[in-house]
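Peer 1: Numbering (our numbering), first residue to last: 3 to 454. First the structure, then my questions, so here it is.
Right, dumping it as C-alpha coordinates:
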(Lines of atoms letter the chains of each structure in order from A and count residues from 1; the text may use other names and numbers.)
(Lines give C-alpha, C1' and ligand atoms only; values in the text may rest on other atoms or scores of the structure.)
Protein backbone atom coordinates (compact mmCIF):
# COMPACT_ATOMS: atom_id res chain seq x y z
CA UNK A 1 0.00 0.00 0.00
CA UNK A 2 1.08 3.54 -0.73
CA UNK A 3 0.08 7.04 0.34
CA UNK A 4 0.38 10.02 -2.00
CA UNK A 5 0.32 13.62 -0.77
CA UNK A 6 -1.45 15.99 -3.17
CA UNK A 7 -1.74 18.96 -0.82
CA UNK A 8 -1.23 20.32 2.71
CA UNK A 9 2.54 19.84 2.45
CA UNK A 10 4.51 22.96 3.45
CA UNK A 11 1.16 24.79 3.53
CA UNK A 12 -2.14 24.72 5.42
CA UNK A 13 -4.29 24.45 2.31
CA UNK A 14 -5.19 22.02 -0.44
CA UNK A 15 -5.55 18.92 1.75
CA UNK A 16 -5.68 15.83 -0.46
CA UNK A 17 -4.22 12.40 0.34
CA UNK A 18 -4.63 9.24 -1.74
CA UNK A 19 -4.39 5.74 -0.27
CA UNK A 20 -3.54 3.23 -3.01
CA UNK A 21 -4.10 -0.37 -1.92
CA UNK A 22 -3.07 -1.76 -5.28
CA UNK A 23 -6.66 -2.58 -6.11
CA UNK A 24 -8.40 0.66 -5.12
CA UNK A 25 -7.63 4.33 -4.49
CA UNK A 26 -9.30 6.27 -1.67
CA UNK A 27 -8.83 10.03 -1.40
CA UNK A 28 -9.02 11.55 2.08
CA UNK A 29 -10.01 15.21 1.84
CA UNK A 30 -10.37 17.06 -1.44
CA UNK A 31 -9.46 20.67 -0.71
CA UNK A 32 -8.62 23.82 -2.65
CA UNK A 33 -5.31 25.62 -2.35
CA UNK A 34 -5.55 29.16 -0.96
CA UNK A 35 -3.12 31.96 -0.13
CA UNK A 36 -0.15 32.71 -2.35
CA UNK A 37 -0.87 32.91 -6.07
CA UNK A 38 1.66 30.14 -6.68
CA UNK A 39 -0.48 27.90 -4.46
CA UNK A 40 -3.81 28.99 -5.95
CA UNK A 41 -2.51 28.19 -9.42
CA UNK A 42 -2.18 24.55 -8.36
CA UNK A 43 -5.98 24.37 -8.40
CA UNK A 44 -5.80 24.78 -12.18
CA UNK A 45 -3.10 22.15 -12.69
CA UNK A 46 -4.09 18.62 -13.75
CA UNK A 47 -4.39 16.41 -10.68
CA UNK A 48 -1.49 14.00 -10.22
CA UNK A 49 -4.01 11.14 -10.29
CA UNK A 50 -6.71 10.67 -12.89
CA UNK A 51 -10.07 11.41 -11.18
CA UNK A 52 -11.50 8.38 -13.03
CA UNK A 53 -9.08 6.23 -11.00
CA UNK A 54 -10.26 7.50 -7.59
CA UNK A 55 -12.80 5.02 -6.22
CA UNK A 56 -14.04 6.98 -3.17
CA UNK A 57 -13.46 10.13 -1.15
CA UNK A 58 -13.61 10.50 2.63
CA UNK A 59 -13.85 14.03 4.09
CA UNK A 60 -12.60 15.08 7.51
CA UNK A 61 -14.66 18.30 7.48
CA UNK A 62 -16.32 20.92 5.29
CA UNK A 63 -13.83 23.80 5.19
CA UNK A 64 -13.02 24.67 1.59
CA UNK A 65 -9.34 23.82 1.97
CA UNK A 66 -10.54 20.27 2.71
CA UNK A 67 -13.64 19.96 0.51
CA UNK A 68 -13.55 22.71 -2.11
CA UNK A 69 -11.92 20.69 -4.91
CA UNK A 70 -14.78 18.17 -4.98
CA UNK A 71 -16.79 19.90 -7.74
CA UNK A 72 -13.72 19.94 -9.97
CA UNK A 73 -12.92 16.30 -9.18
CA UNK A 74 -16.45 15.31 -10.19
CA UNK A 75 -16.41 17.46 -13.32
CA UNK A 76 -13.13 15.85 -14.36
CA UNK A 77 -14.40 12.30 -14.07
CA UNK A 78 -14.74 11.12 -10.45
CA UNK A 79 -17.75 8.80 -10.18
CA UNK A 80 -17.52 7.30 -6.70
CA UNK A 81 -19.14 8.04 -3.32
CA UNK A 82 -18.03 10.76 -0.86
CA UNK A 83 -18.28 9.79 2.81
CA UNK A 84 -18.50 12.32 5.63
CA UNK A 85 -20.31 13.04 8.89
CA UNK A 86 -23.86 14.42 8.91
CA UNK A 87 -22.60 17.83 10.07
CA UNK A 88 -20.05 17.93 7.26
CA UNK A 89 -22.71 17.02 4.69
CA UNK A 90 -24.99 19.78 5.97
CA UNK A 91 -22.18 22.34 5.79
CA UNK A 92 -20.95 21.19 2.38
CA UNK A 93 -24.46 21.76 1.07
CA UNK A 94 -23.90 25.40 1.98
CA UNK A 95 -20.20 25.85 1.33
CA UNK A 96 -19.69 24.20 -2.04
CA UNK A 97 -22.45 26.13 -3.85
CA UNK A 98 -21.23 29.30 -2.16
CA UNK A 99 -17.65 28.61 -3.23
CA UNK A 100 -18.89 28.12 -6.79
CA UNK A 101 -21.03 31.25 -6.67
CA UNK A 102 -18.14 33.36 -5.37
CA UNK A 103 -15.86 32.00 -8.07
CA UNK A 104 -18.40 32.97 -10.74
CA UNK A 105 -19.05 36.41 -9.21
CA UNK A 106 -15.34 37.15 -8.86
CA UNK A 107 -14.77 36.20 -12.49
CA UNK A 108 -17.68 38.38 -13.60
CA UNK A 109 -16.46 41.31 -11.50
CA UNK A 110 -12.93 40.92 -12.85
CA UNK A 111 -14.29 40.98 -16.39
CA UNK A 112 -16.47 44.02 -15.69
CA UNK A 113 -13.62 45.96 -14.08
CA UNK A 114 -10.97 44.72 -16.49
CA UNK A 115 -8.34 43.90 -13.85
CA UNK A 116 -7.83 40.24 -14.74
CA UNK A 117 -4.90 39.19 -16.91
CA UNK A 118 -7.15 36.56 -18.49
CA UNK A 119 -9.69 37.51 -21.14
CA UNK A 120 -12.21 36.49 -20.18
CA UNK A 121 -11.60 35.49 -16.57
CA UNK A 122 -13.20 32.09 -15.90
CA UNK A 123 -14.33 30.48 -12.63
CA UNK A 124 -12.66 27.29 -11.47
CA UNK A 125 -16.12 25.67 -11.40
CA UNK A 126 -19.74 26.71 -11.22
CA UNK A 127 -22.87 25.87 -9.24
CA UNK A 128 -23.84 23.00 -11.53
CA UNK A 129 -20.51 21.35 -10.74
CA UNK A 130 -21.11 21.88 -7.02
CA UNK A 131 -24.61 20.37 -7.25
CA UNK A 132 -23.22 17.24 -8.93
CA UNK A 133 -20.63 16.88 -6.17
CA UNK A 134 -23.24 17.24 -3.43
CA UNK A 135 -25.27 14.37 -4.82
CA UNK A 136 -22.36 12.07 -4.03
CA UNK A 137 -22.31 12.78 -0.28
CA UNK A 138 -23.02 9.81 2.02
CA UNK A 139 -23.36 10.90 5.69
CA UNK A 140 -22.15 8.46 8.36
CA UNK A 141 -22.42 8.72 12.16
CA UNK A 142 -19.44 9.15 14.46
CA UNK A 143 -18.03 5.87 15.76
CA UNK A 144 -19.70 3.74 13.07
CA UNK A 145 -17.27 1.56 11.11
CA UNK A 146 -18.36 1.47 7.46
CA UNK A 147 -17.11 0.04 4.14
CA UNK A 148 -15.50 2.54 1.74
CA UNK A 149 -14.41 0.22 -1.08
CA UNK A 150 -13.65 -3.48 -1.14
CA UNK A 151 -10.88 -4.09 1.40
CA UNK A 152 -11.08 -0.63 3.00
CA UNK A 153 -13.26 0.44 5.95
CA UNK A 154 -13.39 3.74 7.81
CA UNK A 155 -14.49 5.28 11.09
CA UNK A 156 -15.09 8.88 12.20
CA UNK A 157 -14.30 10.36 15.62
CA UNK A 158 -14.96 13.95 16.69
CA UNK A 159 -12.07 16.30 15.98
CA UNK A 160 -13.68 19.29 17.73
CA UNK A 161 -12.66 21.83 15.07
CA UNK A 162 -16.06 22.78 13.60
CA UNK A 163 -19.47 21.15 13.34
CA UNK A 164 -19.02 17.72 11.78
CA UNK A 165 -15.21 17.76 11.93
CA UNK A 166 -13.74 14.29 12.28
CA UNK A 167 -10.56 12.36 12.64
CA UNK A 168 -10.62 9.55 10.06
CA UNK A 169 -9.29 6.03 10.57
CA UNK A 170 -8.95 3.85 7.48
CA UNK A 171 -8.66 0.08 7.97
CA UNK A 172 -6.87 -1.50 5.01
CA UNK A 173 -4.52 -4.44 4.54
CA UNK A 174 -4.49 -5.16 8.25
CA UNK A 175 -3.31 -1.62 9.02
CA UNK A 176 -4.84 1.46 10.61
CA UNK A 177 -4.14 4.74 8.81
CA UNK A 178 -5.25 7.72 10.90
CA UNK A 179 -5.82 11.22 9.49
CA UNK A 180 -6.14 13.74 12.32
CA UNK A 181 -8.04 16.26 10.21
CA UNK A 182 -8.00 19.71 11.79
CA UNK A 183 -7.97 19.23 15.56
CA UNK A 184 -9.86 21.61 17.82
CA UNK A 185 -8.98 23.03 21.22
CA UNK A 186 -9.01 21.13 24.49
CA UNK A 187 -11.03 24.04 25.91
CA UNK A 188 -13.14 25.90 23.34
CA UNK A 189 -15.90 28.50 23.81
CA UNK A 190 -18.45 26.26 22.09
CA UNK A 191 -17.01 23.04 20.63
CA UNK A 192 -16.38 19.76 22.41
CA UNK A 193 -12.70 18.72 22.55
CA UNK A 194 -11.23 16.27 20.03
CA UNK A 195 -11.73 12.63 20.93
CA UNK A 196 -8.57 10.58 21.57
CA UNK A 197 -7.47 7.87 19.16
CA UNK A 198 -5.68 4.89 20.66
CA UNK A 199 -3.90 3.23 17.75
CA UNK A 200 -2.40 3.88 14.33
CA UNK A 201 0.13 2.15 12.13
CA UNK A 202 0.46 5.28 10.01
CA UNK A 203 -0.55 8.70 11.33
CA UNK A 204 -1.03 12.01 9.55
CA UNK A 205 -1.21 14.88 12.05
CA UNK A 206 -1.94 18.51 11.28
CA UNK A 207 0.54 21.19 12.39
CA UNK A 208 -1.21 24.52 11.79
CA UNK A 209 0.05 25.78 15.15
CA UNK A 210 2.91 23.32 15.48
CA UNK A 211 5.31 26.05 16.57
CA UNK A 212 3.00 28.15 18.73
CA UNK A 213 1.14 28.16 22.01
CA UNK A 214 -2.09 30.13 22.14
CA UNK A 215 -1.98 33.01 24.63
CA UNK A 216 -3.44 32.40 28.03
CA UNK A 217 -6.42 34.42 29.15
CA UNK A 218 -10.06 34.83 28.34
CA UNK A 219 -10.86 35.90 24.75
CA UNK A 220 -13.90 37.69 26.13
CA UNK A 221 -11.64 40.20 27.89
CA UNK A 222 -9.82 41.04 24.65
CA UNK A 223 -13.03 41.26 22.65
CA UNK A 224 -14.62 43.50 25.29
CA UNK A 225 -11.73 45.98 25.15
CA UNK A 226 -11.76 46.14 21.34
CA UNK A 227 -15.52 46.61 21.11
CA UNK A 228 -15.69 49.25 23.85
CA UNK A 229 -12.82 51.29 22.39
CA UNK A 230 -14.03 51.16 18.79
CA UNK A 231 -17.67 51.88 19.55
CA UNK A 232 -16.66 54.54 22.09
CA UNK A 233 -14.81 56.40 19.32
CA UNK A 234 -17.84 56.17 17.05
CA UNK A 235 -16.23 53.65 14.75
CA UNK A 236 -17.14 50.43 13.02
CA UNK A 237 -15.62 47.12 14.08
CA UNK A 238 -15.10 44.96 11.01
CA UNK A 239 -14.45 41.28 11.70
CA UNK A 240 -13.38 39.14 8.75
CA UNK A 241 -14.65 35.80 9.98
CA UNK A 242 -14.73 32.30 8.62
CA UNK A 243 -18.37 31.62 7.82
CA UNK A 244 -18.23 28.21 9.46
CA UNK A 245 -17.07 27.90 13.03
CA UNK A 246 -15.44 31.24 13.77
CA UNK A 247 -18.53 33.33 13.06
CA UNK A 248 -20.62 31.22 15.43
CA UNK A 249 -17.96 31.31 18.18
CA UNK A 250 -17.74 35.11 17.87
CA UNK A 251 -21.51 35.45 18.04
CA UNK A 252 -21.55 33.38 21.22
CA UNK A 253 -18.78 35.55 22.73
CA UNK A 254 -20.63 38.74 21.82
CA UNK A 255 -23.83 37.27 23.25
CA UNK A 256 -22.04 36.54 26.54
CA UNK A 257 -20.62 40.09 26.72
CA UNK A 258 -23.99 41.70 26.00
CA UNK A 259 -25.80 39.45 28.46
CA UNK A 260 -23.26 40.44 31.15
CA UNK A 261 -23.61 44.16 30.22
CA UNK A 262 -19.89 44.33 29.44
CA UNK A 263 -20.33 45.96 26.03
CA UNK A 264 -22.96 48.34 24.64
CA UNK A 265 -25.78 46.76 22.69
CA UNK A 266 -24.85 48.21 19.28
CA UNK A 267 -26.13 46.85 15.98
CA UNK A 268 -24.40 43.63 14.94
CA UNK A 269 -24.61 42.58 11.30
CA UNK A 270 -23.84 39.26 9.72
CA UNK A 271 -22.96 40.06 6.11
CA UNK A 272 -22.50 36.59 4.74
CA UNK A 273 -25.44 34.55 3.46
CA UNK A 274 -23.29 31.45 3.82
CA UNK A 275 -22.47 32.27 7.43
CA UNK A 276 -26.16 32.79 8.14
CA UNK A 277 -27.03 29.36 6.76
CA UNK A 278 -24.05 27.82 8.56
CA UNK A 279 -25.31 29.35 11.80
CA UNK A 280 -28.63 27.55 11.29
CA UNK A 281 -26.72 24.27 10.83
CA UNK A 282 -24.70 25.09 13.94
CA UNK A 283 -27.89 25.33 15.99
CA UNK A 284 -29.06 21.93 14.71
CA UNK A 285 -25.92 20.07 15.81
CA UNK A 286 -25.74 20.81 19.52
CA UNK A 287 -24.32 17.31 20.12
CA UNK A 288 -21.02 18.65 18.81
CA UNK A 289 -21.15 21.50 21.33
CA UNK A 290 -20.68 21.81 25.07
CA UNK A 291 -23.03 24.80 25.50
CA UNK A 292 -26.73 24.76 26.27
CA UNK A 293 -29.13 24.62 23.35
CA UNK A 294 -30.95 27.77 24.55
CA UNK A 295 -27.71 29.79 24.68
CA UNK A 296 -26.79 28.48 21.25
CA UNK A 297 -30.13 29.61 19.82
CA UNK A 298 -29.87 33.04 21.45
CA UNK A 299 -26.33 33.60 20.16
CA UNK A 300 -27.28 32.52 16.66
CA UNK A 301 -30.16 35.04 16.65
CA UNK A 302 -27.97 37.93 17.83
CA UNK A 303 -26.95 39.44 14.49
CA UNK A 304 -29.04 41.08 11.77
CA UNK A 305 -28.52 39.08 8.57
CA UNK A 306 -27.59 40.96 5.42
CA UNK A 307 -29.04 39.18 2.42
CA UNK A 308 -28.66 41.02 -0.85
CA UNK A 309 -25.64 42.77 -2.38
CA UNK A 310 -27.70 45.98 -2.27
CA UNK A 311 -28.13 45.64 1.51
CA UNK A 312 -24.41 45.01 1.83
CA UNK A 313 -23.62 48.15 -0.22
CA UNK A 314 -25.93 50.18 2.00
CA UNK A 315 -24.16 48.79 5.07
CA UNK A 316 -20.80 49.87 3.63
CA UNK A 317 -22.07 53.45 3.37
CA UNK A 318 -23.40 53.51 6.96
CA UNK A 319 -21.03 55.43 9.24
CA UNK A 320 -22.83 54.83 12.54
CA UNK A 321 -21.13 52.68 15.22
CA UNK A 322 -21.67 48.97 14.61
CA UNK A 323 -20.09 45.54 14.38
CA UNK A 324 -19.90 43.73 11.04
CA UNK A 325 -18.98 40.08 10.67
CA UNK A 326 -18.28 39.18 7.05
CA UNK A 327 -16.55 36.36 5.22
CA UNK A 328 -13.89 35.49 4.35
CA UNK A 329 -11.80 34.99 7.49
CA UNK A 330 -8.48 35.63 5.71
CA UNK A 331 -9.93 38.48 3.61
CA UNK A 332 -9.27 36.51 0.44
CA UNK A 333 -12.65 37.22 -1.15
CA UNK A 334 -16.32 37.83 -0.54
CA UNK A 335 -18.19 40.84 0.84
CA UNK A 336 -15.56 41.66 3.46
CA UNK A 337 -13.40 43.10 0.67
CA UNK A 338 -15.99 45.79 -0.07
CA UNK A 339 -16.15 46.64 3.65
CA UNK A 340 -12.36 46.85 3.78
CA UNK A 341 -12.53 49.43 1.02
CA UNK A 342 -15.21 51.38 2.92
CA UNK A 343 -13.94 51.16 6.50
CA UNK A 344 -10.23 50.34 6.21
CA UNK A 345 -9.33 53.98 5.67
CA UNK A 346 -11.13 55.28 8.77
CA UNK A 347 -8.84 55.87 11.74
CA UNK A 348 -11.70 55.43 14.23
CA UNK A 349 -12.56 52.01 12.85
CA UNK A 350 -10.97 48.68 13.73
CA UNK A 351 -10.35 45.44 11.85
CA UNK A 352 -10.31 42.36 14.05
CA UNK A 353 -8.58 39.22 12.83
CA UNK A 354 -9.71 36.22 14.84
CA UNK A 355 -8.13 33.17 13.25
CA UNK A 356 -5.18 31.69 11.45
CA UNK A 357 -4.01 33.78 8.49
CA UNK A 358 -2.23 31.75 5.83
CA UNK A 359 0.86 33.26 4.25
CA UNK A 360 0.02 35.28 1.16
CA UNK A 361 -3.48 36.31 2.27
CA UNK A 362 -4.65 39.85 2.95
CA UNK A 363 -5.28 38.86 6.55
CA UNK A 364 -1.63 37.89 6.99
CA UNK A 365 -0.58 41.17 5.37
CA UNK A 366 -2.73 43.16 7.80
CA UNK A 367 -1.24 41.40 10.82
CA UNK A 368 2.25 41.98 9.44
CA UNK A 369 1.56 45.73 9.54
CA UNK A 370 0.94 46.35 5.85
CA UNK A 371 -0.88 49.66 5.55
CA UNK A 372 -2.24 49.23 2.05
CA UNK A 373 -4.01 46.27 0.47
CA UNK A 374 -4.56 45.39 -3.15
CA UNK A 375 -8.34 44.93 -3.48
CA UNK A 376 -10.16 44.56 -6.78
CA UNK A 377 -7.23 45.90 -8.75
CA UNK A 378 -6.44 49.00 -6.69
CA UNK A 379 -4.54 49.96 -3.55
CA UNK A 380 -6.69 50.51 -0.47
CA UNK A 381 -5.07 52.51 2.37
CA UNK A 382 -5.46 51.03 5.85
CA UNK A 383 -5.73 53.61 8.63
CA UNK A 384 -8.05 51.58 10.86
CA UNK A 385 -6.60 49.87 13.91
CA UNK A 386 -5.76 46.24 13.19
CA UNK A 387 -6.44 43.95 16.14
CA UNK A 388 -6.14 40.23 16.74
CA UNK A 389 -7.66 37.69 19.10
CA UNK A 390 -5.06 34.96 19.10
CA UNK A 391 -6.71 32.70 21.67
CA UNK A 392 -10.00 32.19 19.83
CA UNK A 393 -8.49 29.81 17.32
CA UNK A 394 -10.39 26.67 16.36
CA UNK A 395 -7.05 24.88 15.90
CA UNK A 396 -5.17 23.10 18.66
CA UNK A 397 -1.86 24.72 19.55
CA UNK A 398 1.33 22.71 19.85
CA UNK A 399 0.70 21.73 23.48
CA UNK A 400 -2.82 20.59 22.64
CA UNK A 401 -1.54 18.67 19.63
CA UNK A 402 0.92 16.90 21.92
CA UNK A 403 -1.87 16.17 24.41
CA UNK A 404 -3.83 14.46 21.63
CA UNK A 405 -0.76 12.53 20.48
CA UNK A 406 -0.09 11.32 24.01
CA UNK A 407 -3.46 9.58 23.83
CA UNK A 408 -2.02 6.87 21.55
CA UNK A 409 -1.34 3.66 23.42
CA UNK A 410 1.47 2.63 21.08
CA UNK A 411 3.77 4.46 18.72
CA UNK A 412 2.74 4.54 15.05
CA UNK A 413 5.21 2.88 12.70
CA UNK A 414 5.44 6.18 10.87
CA UNK A 415 4.06 9.65 11.41
CA UNK A 416 3.65 12.33 8.75
CA UNK A 417 3.39 15.98 9.82
CA UNK A 418 1.08 17.83 7.41
CA UNK A 419 -1.13 20.92 7.10
CA UNK A 420 1.33 23.53 8.35
CA UNK A 421 3.73 26.19 7.17
CA UNK A 422 7.28 24.75 7.00
CA UNK A 423 8.44 26.25 10.30
CA UNK A 424 5.36 25.02 12.16
CA UNK A 425 5.55 21.51 10.70
CA UNK A 426 9.24 21.17 11.45
CA UNK A 427 8.81 22.41 15.01
CA UNK A 428 6.12 19.79 15.65
CA UNK A 429 8.29 17.13 14.00
CA UNK A 430 11.14 17.91 16.36
CA UNK A 431 8.91 17.94 19.42
CA UNK A 432 7.35 14.57 18.54
CA UNK A 433 10.79 13.06 18.02
CA UNK A 434 12.09 14.55 21.26
CA UNK A 435 9.15 13.77 23.55
CA UNK A 436 7.61 10.64 22.03
CA UNK A 437 10.60 9.29 20.11
CA UNK A 438 8.40 8.36 17.16
CA UNK A 439 9.76 8.19 13.60
CA UNK A 440 8.47 11.34 11.89
CA UNK A 441 8.77 12.84 8.44
CA UNK A 442 7.48 15.86 6.53
CA UNK A 443 6.11 14.64 3.19
CA UNK A 444 6.77 16.42 -0.09
CA UNK A 445 4.11 17.64 -2.50
CA UNK A 446 2.92 14.97 -4.96
CA UNK A 447 5.30 12.39 -3.49
CA UNK A 448 4.26 8.81 -2.73
CA UNK A 449 5.36 6.88 0.35
CA UNK A 450 5.01 3.17 1.12
CA UNK A 451 3.05 2.15 4.19
CA UNK A 452 5.32 0.03 6.38
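All C-beta atoms in this analysis are idealised placements derived from N, C-alpha and C, irrespective of residue type, glycine included. Computed from a predicted model, the values in this text were never measured in an experiment.
1) Quick check on this structure: which residue in 35, 174, 53 has the alpha carbon closest to the alpha carbon of residue 67?
2) Mind checking whether residue 214 and residue 400 have CB atoms under 8 Å apart?
3) Quick one: is residue 422 buried, meaning 16 or more other Cβ sit within 10 Å of its Cβ, or exposed?
4) How would you label residue 101, buried or exposed, when you count the other beta carbons within 10 angstroms and need 16 or more for buried?
5) Quick check on the DSSP output: the beta strand (DSSP E) that includes residue 465 runs from which residue to which?
6) For residue 13 and residue 420, what's the separation of their Cα atoms in angstroms?
7) Using DSSP with H/G/I as helix, E/B as strand and the rest coil, what is residue 281?
8) Kindly give me the distance between the Cβ atoms of residue 346 and residue 301, rounded to whole angstroms, as I take these residues to be in contact under 8 Å.
9) Checking 8 Å against the spacing of the C-beta atoms, do residue 52 and residue 16 come in under that value?
10) Quick one: residues in its chain with C-beta nearer than 7 Å to the C-beta of residue 136, no 5 flanking neighbours on either side, listed in chain order?
11) Among 144, 326, 343, 331, which one has its Cα closest to the Cα of residue 396?
12) Kindly indicate the opening and closing residues of the alpha helix (DSSP H) around residue 68.
13) Count the other CB atoms within 10 Å of the CB of residue 454; is the residue buried (16 or more) or exposed (fewer)?
14) Identify the residues that DSSP records as bridge partners of residue 380: which are they?
15) Let me make sure I understand the geometry here. Which of 72, 328, 183 has the alpha-carbon closest to that of residue 1?
16) Please classify residue 46: is it buried, with 16 or more other beta-carbons within 10 angstroms of its beta-carbon, or exposed?
17) What do you reckon, are the CB atoms on residue 248 and residue 356 nearer than 8 Å?
18) Take residue 269 as the anchor and find which of 229, 216, 198, 295 has the nearest alpha-carbon.
19) What are the start and end residues of the alpha helix (DSSP H) that includes residue 397?
Peer 2: With the given structure in hand:
1) Comparing Cα-Cα distances from residue 67 to each of 35, 174, 53, the minimum goes to 35.
2) Cβ distance < 8 Å, so residue 214 and residue 400 count as in contact.
3) buried
4) buried
5) With the chain running from 3 to 454 in the structure shown, residue 465 is simply not present.
6) 8 Å
7) In the three-state scheme derived from DSSP, where H, G and I count as helix and E and B as strand, residue 281 is classed as helix.
8) The Cβ separation is near 28 Å, so there is no contact.
9) no
10) 94, 95, 98
11) 331
12) 66-69
13) exposed
14) 377
15) This structure does not reach residue 1, given that the chain is present from 3 up to 454, and the question cannot be answered.
16) exposed
17) yes
18) 229
19) Residue 397 -> no alpha helix (DSSP H), and no H or E assigned at all.
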